[in-house]
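In what follows, a structure is listed as structure tokens, so that the remarks can point back to it.
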Amino acid sequence: MKNAPLPEGIRLIDGWFDRDGQVALIAAIRAVVAEAPLYRPEMPRTGKPFSVRMTNCGPLGWVSDRAGYRYQPLHPVTGCPWPAIPEVLLALWGEVADYPHPPEACLVNFYDETARMGLHRDEDEAALDAPVVSVSLGDSCLFRIGGRERSDPTRSFRLASGDVFVLGGPSRLAFHGVDRIYPGSSTLLERGGRINLTLRRVTSPG
DNA sequence: TAGTATCT
DNA sequence: TATG
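Those letters in the first sequence? Residues 1 to 206, per full-length UniProt numbering, in order.
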């Protein structure tokens, strides 16, 4: 059964990072996590924990707690500023984002083999004219994308280590999520799991 | 300044 | 940024 074409504004680039590039990226992310440890966010109001663990790098980081979703300059656990975005990711943004200002946030999501991400939209950014640029590392996942309304039809496909995914244009506010992780599908991370990096421009224009 | 990336 |  053949899938419909990707919606306009979606760009999936298989294997943007080769193995060496992925290894270098993981080293950079390890340095970020050493300074800004992964933590488990909670849902607004209910306090229900996410199944993914998160951290950020860049001047701003996306956080969620009982008070809501927001971007803030400090790690909610350590109180320290987020580390800088690694150069290789700034370079990636320059090559694929088609946006005249640098990203301000790089959200780092770690999925263990049971983690999921429910269908949602990235809409906490003022700069909705800038795309969201995503990098997959480690185990593959089943990714799902729909339209601007939660009820719009969805399609899904696998994202593998080294893939780059750009959510922009008419699809910038498309609902998307991660249905499942495929454990053991990559040897990049010794202890398994998937890391997703999403680069965002938060403020307009800059 | 009112919804939410939780969850079945 | 809980919030009524």
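Beta carbons are placed, not taken as given, at the ideal position from N, Cα and C, and that holds for glycine.
On a predicted model such as this, the values are computed, not experimentally measured, just so you know.
Specify, as a first and last residue, the run of the alpha helix (DSSP H) that residue i falls within.
i	result
residue 93	87 to 96
Roughly how far, in whole angstroms, is the beta-carbon of residue i from the beta-carbon of residue j, given that I think they are within contact range, below 8 Å?
i	j	result
residue 104	residue 58	5 Å
residue 97	residue 130	7 Å
residue 17	residue 53	22 Å between Cβ atoms; not a contact.
residue 63	residue 76	5 Å
residue 78	residue 132	Residue 78 to residue 132, Cβ: 25 Å. No contact.
residue 158	residue 140	5 Å
residue 195	residue 29	6 Å
residue 101	residue 205	7 Å
Using a threshold of 8 Å, state whether the C-beta atoms of residue i and residue j are closer than that.
i	j	result
residue 128	residue 172	yes
residue 175	residue 121	yes
residue 208	residue 134	Only positions 1 to 206 of the chain appear in the structure, and residue 208 is not among them; the question remains open.
residue 26	residue 145	no
residue 60	residue 202	yes
residue 45	residue 124	no
residue 33	residue 55	yes
residue 90	residue 81	no
residue 162	residue 21	yes
residue 8	residue 153	no
residue 65	residue 95	no
Whose CA, out of the options, lies closest to the CA of residue i?
i	options	result
residue 189	40, 19, 10	19
residue 187	205, 137, 9, 54	137
residue 36	47, 84, 51, 14	84
residue 118	183, 205, 49	49
residue 113	125, 47, 167, 180	180
residue 99	166, 153, 33	166
residue 40	15, 169, 51, 80	51
residue 160	126, 65, 193	193
residue 6	143, 126, 72, 86	143
Go to residue i, then tell me how far its beta strand (DSSP E) extends in each direction, as first and last residue.
i	result
residue 6	Unbroken run through residue 6: none, as it is neither H nor E.
| field | beta strand (DSSP E) segments (min. 3 residues) lying fully within the segment 21 to 93 | value | 53 to 57, 61 to 65, 68 to 72
| What are the complete beta strand (DSSP E) segments, minimum 3 residues, inside the UniProt domain "Fe2OG dioxygenase" (102 to 203)? | 105 to 111, 117 to 120, 132 to 138, 141 to 145, 155 to 159, 164 to 167, 176 to 181, 194 to 200
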